[in-house]
Amino acid sequence: MDPIHISRRRNQINRRRLLEEERRQRQQRQQQQQAQCERVIFALRAFNCLPMG
């Protein structure tokens, strides 16, 4: 394999790794936001500001 092909392949692998990392971070952020929303809702219910359901 010529060097150009090797570097192109390496770029593909790096790009894929970056995309997977971004996706994982985005999922983590969504889970954190959801957990925070659930905590807020739980607190509001605890203070009877929000009906059950």
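Counting in the working numbering, the sequence shown tops out at residue 173, every number present.
From the three backbone atoms N, C-alpha and C, an ideal C-beta is built for every residue, glycine too.
Rounded to whole angstroms, the gap between the alpha carbons of A166 and R135 is 46 Å. Taken through DSSP and simplified to helix, strand or coil, N168 comes out as coil.
Setting aside the 5 residues that flank it on each side, L138 has no residue in the same chain whose C-beta is closer than 6 Å to its C-beta.
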